[in-house]
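Residue numbers (the UniProt record's numbering): 1 to 359.
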Ligand code: UD1
């Protein structure tokens, strides 16, 4: 039976999505930030997503509708086997993984174990069950400190921390398995900086503990959970001295996955292809803060600090390849990203949970 559509979510945002052909798509990490938005866009596009999570329960407001399987750790191969034995999946979108850069420096084995061993297990079980279509969450982190911008998919790759290396290694593993078995069709999506939330305000980003990324931190300052944003460096060679990134609305990013899936199913020879998902526009930290202040009407107090080790100066995407081959292009700008982020934050100041005594 096709899952029911979440009632509280407007369909309007997805009108431009072609209805899917009812593919059975397994989504690992489907309750995470990008995963939950993608599951929603899949439902709206007519695919039949199944997802599981080990990190948290599905978003509370959508839990009755959420196509969830019992919590499974992708390192548990037996459990993976059972899932694949019970359903024939047409494709997998693989989000599950750890993603905190700082934590990965202190616990590299945890990252290699979770991200790499988990992915190898998944690929082995997929292969054994003849499911050889994959969309993988990679990251712009594989461009390291790019020598020039915009970053094109052909740039040399590097990583400056264990988290980044897991993305790099998994990309290489995917290229190798395709060489060994051309039946595989794999799309590697390199995300730039996903921000914002679903415009319904029902799902958004809710990092555990201290937020590492800019916009979750800004959001927590706006709702009074943190006193000020620390700006990491104002001496870069950029217009206002602060770091420049390519922020992309999470709904646009999720739609990029639908486009990737459509490509996997359109009969073309794919092999193992990589695409940037960004807007192609760079925005500084101060510009982003100003846009958020405008959208929220809240002042964000700033503390200027030194550069964060490992941070690049300017990173933004070339979007030409995704536009041409995936027929996908980001629709939203930073105003919409900040509007929707604030909508989610103001409706859910404590994210999915209750006030954390440690906050
Ligand atoms: C970071 C990760 C990257 C990961 C990406 C996921 C690092 C070094 N890189 O990228 O591997 O794929 O998140 O989205 O962590 N900033 C502040 N104050 C803050 C937080 C951030 O000024 O409290 C600045 C940063 O210096 C940077 C910009 O905001 O200039 C964006 O930072 P962030 O959101 O952490 O993303 P990235 O560093 O691009």
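Cβ coordinates follow ideal geometry from the N, Cα and C atoms, glycine included. Computed from a predicted model, the values in this text were never measured in an experiment.
{"Asked": "Start and end residues, alpha helix (DSSP H) containing residue 149", "Found": "Per DSSP, residue 149 belongs to no alpha helix (DSSP H) and is neither H nor E."}
{"Asked": "Neighbourhood of residue 301 by C-beta distance below 6 Å, restricted to the same chain and skipping five residues each side", "Found": "228"}
{"Asked": "Beta-carbon contacts of residue 112 that lie in its chain and below 6 Å, excluding the five residues immediately before and after", "Found": "none"}
{"Asked": "Integer-rounded CB distance, given that residue 268 should sit under 8 Å from residue 38", "Found": "Actually they do not touch by this definition, with Cβ atoms about 22 Å apart."}
{"Asked": "Stretch-stretch touch, CB-based, cutoff 8 Å, three pairs: the stretch 315-323 with the stretch 221-241", "Found": "no"}
{"Asked": "Distance between beta carbons of residue 204 and residue 344, contact taken as under 8 Å", "Found": "3 Å"}
{"Asked": "Unbroken stretches of the alpha helix (DSSP H), 4 residues or longer, contained in the stretch 234-298", "Found": "250-265, 285-296"}
{"Asked": "Residue 268 Cβ short of 7 Å to ligand 1 heavy atom set", "Found": "no"}
{"Asked": "Extent of the continuous alpha helix (DSSP H) to which residue 101 belongs", "Found": "101-106"}
{"Asked": "Residue 338 versus residue 218: straight-line alpha-carbon distance, rounded", "Found": "10 Å"}
{"Asked": "CB of residue 276 within 8 Å of CB of residue 151, strictly", "Found": "yes"}
{"Asked": "DSSP-derived helix/strand/coil call for residue 340", "Found": "helix"}
{"Asked": "Local Cβ density within 10 Å of residue 239, reported as buried at 16 or more and exposed below that", "Found": "exposed"}
{"Asked": "Any non-hydrogen atom of ligand 1 within 7 Å of residue 285 CB", "Found": "yes"}
{"Asked": "Segment limits, beta strand (DSSP E) that includes residue 94", "Found": "91-94"}
{"Asked": "Closest residue to residue 333 among 257, 247, 270 (Cα-Cα distance)", "Found": "247"}
{"Asked": "Contacts around residue 134, its chain only, beta-carbon distance under 6 Å, and the 5 residues preceding and following it disregarded", "Found": "92, 186"}
{"Asked": "Selection from 304, 330, 270, 209 that minimises the alpha carbon distance to residue 361", "Found": "The chain is shown only over 1 to 359; residue 361 falls outside these bounds and no answer can be derived."}
{"Asked": "Ligand 2 heavy atom lying under 7 Å from the CB of residue 315", "Found": "Here the bound small molecules are ligand 1; ligand 2 is not part of this structure."}
{"Asked": "Pairwise C-alpha distance: residue 347 and residue 190", "Found": "30 Å"}
{"Asked": "Inter-stretch contact at 8 Å, needing at least 3 Cβ pairs: the stretch 107-121 / the stretch 277-294", "Found": "no"}
{"Asked": "CA nearest to the CA of residue 195, picked from 278, 297, 304", "Found": "278"}
{"Asked": "Simplified DSSP assignment, three categories, for residue 214", "Found": "helix"}
{"Asked": "Cβ-heavy atom distance, residue 32 to ligand 1, below 7 Å", "Found": "no"}
{"Asked": "Coarse secondary structure for residue 199, derived from DSSP in three states", "Found": "coil"}
{"Asked": "Candidates 89, 161, 100: closest to residue 265 by CA position", "Found": "89"}
{"Asked": "Rounded straight-line distance, which links the Cα of residue 220 to that of residue 353", "Found": "14 Å"}
{"Asked": "Of the residues 43, 319, 31, the one placed nearest residue 23, counting alpha carbons only", "Found": "43"}
{"Asked": "Reference residue 224; option with closest CA among 260, 48, 342", "Found": "342"}
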